[in-house]
Amino acid sequence: MFEEMPTLKRGNADERPSPLPLPRRSRAHFCSHAGSYAESQTAQYDLSGGKVSDNYLSRKALAHFLRSRREGLKPEDIGLPRGSRRRTPGLRREEVAVLAGVSPTWYALLEQARNVSPSPQVLDRLAQALAMTETERRYSHKLVQSRTFPQPIEKRHAGSEASLQKVCETLEPNPAYVTNSIGDILGWNRATIEWLTDFGQIPEPDRNLLLWLFTSPEARKRLPEWENEARVQVAHLRWVTASYPRTSCVSSLVDRLEKLSRDFRRIWEEHHVEKPKTNIRLLRHDRQGIVPMQVITLCDASHPSLQVVHHTRVFEAVAPKTGELMAEAR
52 MFEEMPTLKR GNADERPSPL PLPRRSRAHF CSHAGSYAES QTAQYDLSGG
102 KVSDNYLSRK ALAHFLRSRR EGLKPEDIGL PRGSRRRTPG LRREEVAVLA
152 GVSPTWYALL EQARNVSPSP QVLDRLAQAL AMTETERRYS HKLVQSRTFP
202 QPIEKRHAGS EASLQKVCET LEPNPAYVTN SIGDILGWNR ATIEWLTDFG
252 QIPEPDRNLL LWLFTSPEAR KRLPEWENEA RVQVAHLRWV TASYPRTSCV
302 SSLVDRLEKL SRDFRRIWEE HHVEKPKTNI RLLRHDRQGI VPMQVITLCD
352 ASHPSLQVVH HTRVFEAVAP KTGELMAEAR
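Positions in the sequence shown are counted from 1; adding 51 to them yields my numbering.
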């Protein structure tokens, strides 16, 4: 019934590529590869009746993502001299365009969220020019593909949720909870109340892992490495938004978090992207103190958006650096 989420290893799928050499091509050559440049000359912001379209939201997300990756790179990271008169943080747009083999004007339109449609080949060249991880490269593709092939988040399935609730109960005494793609908490066991919080005391519209993480003081108490956990969860949410840009519950959740939490706004602006994977989470128990837990996500094969997230204790033999992590968390 379940399939375990794969573990991403450092230096494998997420390994950043080596810098690209500057191609020796003329600007005229780059302009010939600009894709839909003519279309961009008549591009509009897709405003209809005062409401921003979903297509524009996807373009805006891609524009912000490309800009954040560009500003996060140093010229020396890709073999360019820094220079004494550089004013732009990170790389210049023109430098990225040259590395990716596109027109600087066309790339500028892309960062302005104008109505240009990069091909998969252009996205791959941009990913290499901006030293993206494999997850970041796939994220950029998902943002473009979602304009044509949006995916709806599955509706709630009472039968599946009841079955997953029983799974959580069988995982006692380890904490386990049922969630969906955007972190709504749909079920939990008694150990979750003991180790995290009693989600039953939270009104159902607010029963969401990210809302709890960013608005509840108890979350900072239970999670000694709160900042790291917050970054991981926001990076996961970024990945989800690329798959479901037209889903109101996704945009509503992001809007609520931006209004309620300054920390969320700060981390969201960094635009880091990460797929859910097995990791280590430190939990602080009232009696047992700080305990390292391995977080494992099981997906329901019939309803992939529903997941059981459960925790198992990590022993020193499995994680030799656990002691160091616990010492830092204290």
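Every residue, glycine too, gets a C-beta built ideally from N, C-alpha and C.
Starting from residue i, follow its DSSP beta bridges and name the residues at the other end.
i	result
Val359	Val229 and Leu349
Arg332	Met344
Thr364	Thr is not the amino acid found at residue 364; the sequence shown has Arg there. Per DSSP, Met344.
His192	DSSP lists no partner for His192.
His115	Note: His115 sits in no beta bridge, so no partner.
His354	Asp351
Out of the options, which has the shortest C-alpha to C-alpha gap to residue i?
i	options	result
Ile129	Lys193, Glu146 and Arg118	Glu146
Ser109	Phe250, Val195 and Arg241	Val195
Tyr295	Ser197, Ala213 and Lys310	Ser197
Lys125	Lys111, Gly141, Arg176 and Arg136	Gly141
Arg138	Gly152, Ala148 and Glu122	Glu122
Ala148	Ala286, Arg176 and Gln172	Arg176
Glu127	Ala352, Leu181, Lys193 and Arg118	Leu181
Glu321	Leu117, Asn106 and Ser168	Leu117
Pro171	Glu162, Gln163, Ser191 and Met183	Ser191
Ile233	Val342, Lys217 and Leu260	Leu260
Val285	Thr156, Glu269, Pro275 and Leu304	Leu304
Gln345	Leu247, Leu334, Ser353 and His354	Leu334
Asp337	Asp257, Lys111 and Thr248	Thr248
Ala281	Glu162, Trp319 and His354	Trp319
Pro256	Glu269, Ile236 and Pro275	Ile236
Glu276	Ala352, Lys111, Ile341 and Val167	Ile341
Trp246	Pro343, Val167 and Ile253	Pro343
Rounded to a whole number of angstroms, what is the C-alpha to C-alpha distance between residue i and residue j?
i	j	result
Ser154	Arg144	10 angstroms
Arg165	Thr348	38 angstroms
Thr329	Ser302	26 angstroms
Glu55	Cys350	Low local confidence applies: a pLDDT of 44 at Glu55 is under 50, so the model's placement there is unreliable, with the coordinate-based value given in what follows. Those two C-alpha atoms are separated by around 7 angstroms.
Phe250	Lys272	16 angstroms
Val324	Glu187	6 angstroms
Leu160	Leu113	12 angstroms
Phe366	His287	26 angstroms
Ala213	Cys219	10 angstroms
Ala132	Leu150	As written in the sequence, residue 132 is Pro, which differs from the Ala given in the question. Computed Cα separation, rounded: 14 angstroms.
Arg332	Ala293	25 angstroms
Pro327	Asp306	22 angstroms
Lys193	Trp290	9 angstroms
Thr156	Arg189	24 angstroms
Leu311	Thr363	32 angstroms
Ser211	Gln163	43 angstroms
Thr184	Ser299	29 angstroms
Gln216	Ala270	22 angstroms
Gln339	Arg136	56 angstroms
Ser119	Leu274	28 angstroms
Ala178	Pro169	12 angstroms
Gly354	Leu308	The residue you asked about is not Gly; residue 354 is His in the sequence shown. When rounded, the distance between both Cα atoms is 26 angstroms.
Val167	Asn279	35 angstroms
Arg258	Val283	19 angstroms
Asn106	Leu174	17 angstroms
Pro254	His115	34 angstroms
Gln467	Ala352	With the chain covering 52 to 381 only, the question about residue 467 has no answer from this structure.
Lys111	Tyr158	14 angstroms
Gly152	Pro268	49 angstroms
Quick check: the stretch 263-270 against the stretch 308-318, are at least 3 beta-carbon pairs closer than 8 angstroms? These segments touch.
Does the pairing of the stretch 353-360 with the stretch 225-238 give three or more beta-carbon distances under 8 angstroms? By the Cβ criterion, the stretch 353-360 is in contact with the stretch 225-238, since at least three pairs of Cβ atoms, one from each stretch, lie closer than 8 angstroms.
I'd like to know if the stretch 218-225 and the stretch 238-254 are in contact, where contact means that at least 3 CB-CB pairs between them fall below 8 angstroms. The stretch 218-225 makes contact with the stretch 238-254: 3 or more CB pairs, one atom from each, lie closer than 8 angstroms.
Every unbroken alpha helix (DSSP H) inside the stretch 226-305 [4 residues or more]: The stretch 226-305 contains these whole alpha helix (DSSP H) runs: 241-246, 260-266, 268-273 and 277-294.
In chain order, which alpha helix (DSSP H) runs of at least 4 residues are fully inside the stretch 140-184? Runs of the alpha helix (DSSP H) lying entirely within the stretch 140-184, each at least 4 residues long, are 144-151, 155-162 and 171-180 in chain order.
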